[in-house]
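Okay, structure first, notes after.
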Amino acid sequence: MADPNKGSGKNRSLLYLAGGDASEAAAQRAASKAGVTAPVWLGRRGYAVAWVAQQADEEMPPRATIQARWDAGQGVVLPGFLASALAGCQEDVAASKALVAKAQQGAEIAGLFDAEPYVSRLAPAFELLASSVDEGDDQEIETLEFDVLKAGELVAEGLWVKASWLSFDDSDASLRFRFSFGMAGYEDVAADFERQDYAAKLTEALFPESAMISASQPLDALLQDVLGVAKVAYVERIIYFNAPNGGAQMHQDVERGHAGVVYAQVSGSTVWLALSKTELMAEIQSFMARPDVDELLVSELPEAPDRTTLKAWCATSERLAQMLDERDNDPLEALINRVPAFARQLIEKGYGAILKPGDVMLLPQQSMEHCAWHSVYCVGDEAGEALSFAVRGAPQ
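For the sequence shown, my numbering begins at 32 and goes up steadily by one.
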């Protein structure tokens with residue numbers, strides 16, 4: 032399997048400086064000794080992971096490297112790829128930041144969008160039908176339902192935008208706005224491209240800065256080439272606002288009919304650990320083979336039977352692959368998300384990257400076996416906006 036420079040590219044690799052429980056002064060001394068920039072602290076929802084620093088300036092990977100990494104199921108960082116487009120939509124970014132601040136303080140989402148400039152952007156195509164809250168979903172904030180009208184006639188129904196917290200942790204104010212249609216989790220959204228396209232247009236009506244992806248001709252041309260399609264469609268769109276102490280646990284985003292995900296940093300910064308499923312499995316098995324593995328695991332897996340179970344799962348690649356895809360895999364989930372020594376191993380192997388405004392991450396997601404797994408940490412003291420769009424070939 033192709034593995035050019037491993038991780039996200041040698042010029043984007045992170046340097047591990049110290050454990051997450053070290054003081055900022057100690058991390059700064061380590062950074063000065065290594066001759067790198069100011070240290071960055073990684074942590075998420077109460078778990079301190081590491082102090083890191085970027086080792087080198089950004090450098091766009093060659094076209095052949097982009098293709099090789101995509102074909103290998105690896106994440107691909109495109110530094111500054113959308114910086115010019117981002118510069119032209121700062122007013123929209125500021126408006127979205129203000130809207131989210133109100134939502135985080137408890138304002139009703141429907142009320143926020145029932146005002147200018149949103150009303151004018153929605154009319155006449157999108158009609159807000161209802162606002163609801165799923166009482167059985169503690170993460171949901173509010174769901175808005177829309178119909179699509181053309182010349183006053185109904186042409187599509189069942190579109191929605193769902194605002195949700197990203198975790199149950201009260202100290203994490205991260206949230207997202209997800210755009211789709213139909214019954215979430217049950218409907219084959221890839222089979223209805225027309226409504227996928229309308230949901231995409233609804234995204235741009237409410238968050239117009241999201242067009243920095245869909246209107247980018249250079250990105251469109253690159254993805255046409257990488258995917259081997261005549262026309263690219265950006266569907267199942269999500270607008271993220273990652274807050275301090277937030278981010279995403281290690282996961283993949285495979286969904287039938289989609290080739291992968293395009294992620295763009297709009298404001299703030301995030302640190303990513305991204306690698307193919309094959310690489311993740313190899314790193315897990317390498318970690319579990321360490322003679323001191325019990326000592327490294329005991330803080331998160333204090334019960335010996337849990338560690339024994341984890342060792343059994345990791346004994347063969349077949350079993351490990353199966354358990355990665357299972358929902359009920361708590362010992363494995365603890366390892367890949369909450370054991371600092373495992374995160375350190377991934378960082379030192381070159382799988383880390385810092386994304387800044389205008390940067391793009393491509394995440395192939397063709398199948399459960401051929402996909403980029405990724406973990407995200409918010410960097411800094413303020414919530415940052417990001418765009419995450421599924422990508423597919425548009426039907427001809």
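Glycine residues also receive a C-beta, built at the ideal position from the N, C-alpha and C atoms.
| Item | Value |
| --- | --- |
| Stretch-stretch touch, CB-based, cutoff 8 Å, three pairs: the region 413-421 with the region 270-281 | yes |
| Within 8 Å, strictly: CB atoms of aspartate 123 and proline 239 | yes |
| DSSP state of tyrosine 47 mapped onto helix, strand, coil | strand |
| Among Glu349, Tyr265 and Ser406, nearest to asparagine 368 - alpha-carbon criterion | Ser406 |
| CA nearest to the CA of alanine 99, picked from Trp344, Ser298 and Ser307 | Ser307 |
| Anticipated Cβ contact below 8 Å, proline 395 with glycine 299, distance rounded | Not quite, the Cβ-Cβ distance comes to about 25 Å (not below 8 Å), so this is no contact. |
| As assigned by DSSP and simplified to three states, the class of serine 202 | coil |
| Proximity to arginine 268 [Cα-Cα], best of Trp191, Pro426 and Leu377 | Trp191 |
| DSSP three-state assignment for aspartate 102, whether helix, strand or coil | helix |
| Leucine 366 beta carbon less than 8 Å from that of tryptophan 303 | no |
| Any non-hydrogen atom of the ligand MG closer than 7 Å to arginine 76 Cβ | Among the components of this structure there are no ligands whatsoever, and the ligand MG is therefore not found. |
| Helix, strand or coil at methionine 354 [DSSP, three-state] | helix |
| C-alpha distance - phenylalanine 144 paired with arginine 226, whole-angstrom precision | 21 Å |
| Contact check, glutamine 283 vs cysteine 402, beta carbons under 8 Å | yes |
| 8 Å Cβ cutoff met for serine 44 and glycine 383 | yes |
| Terminal residues of the alpha helix (DSSP H) in which glutamate 173 lies | Element bounds for glutamate 173: not the alpha helix (DSSP H) but the beta strand (DSSP E), 171-181. |
| Burial state of serine 39, where buried means 16 or more other Cβ atoms lie within 10 Å | Its pLDDT being 48, under 50, serine 39 is placed unreliably by the model, and nothing is read from it. |
| Counted within 10 angstroms of its Cβ, other Cβ atoms place phenylalanine 208 as buried (16 or more) or exposed | buried |
| Alanine 387, enclosing alpha helix (DSSP H) - first and last residue | Here residue 387 turns out to be lysine, not alanine, going by the sequence shown. Run containing lysine 387: none; DSSP gives neither H nor E here. |
| Residues bridged to isoleucine 269 (per DSSP) | Arg209 and Ser419 |
| Close-in-space but distant-in-sequence residues of the same chain around alanine 134 (CB under 8 Å, 5 per side omitted) | Ile140, Leu143, Ile172, Ala194 and Leu206 |
| Beta-carbon spacing of leucine 73, glycine 104 below 8 Å | no |
| Chain C within 8 Å of leucine 250, Cβ atoms only | No chain C is present in this structure, which holds just one protein chain. |
| Three-way DSSP call (helix, strand, coil) for valine 131 in this model | helix |
| Nonlocal neighbours in the same chain, by C-beta distance under 7 Å from alanine 53, ignoring five residues either side | Trp82 |
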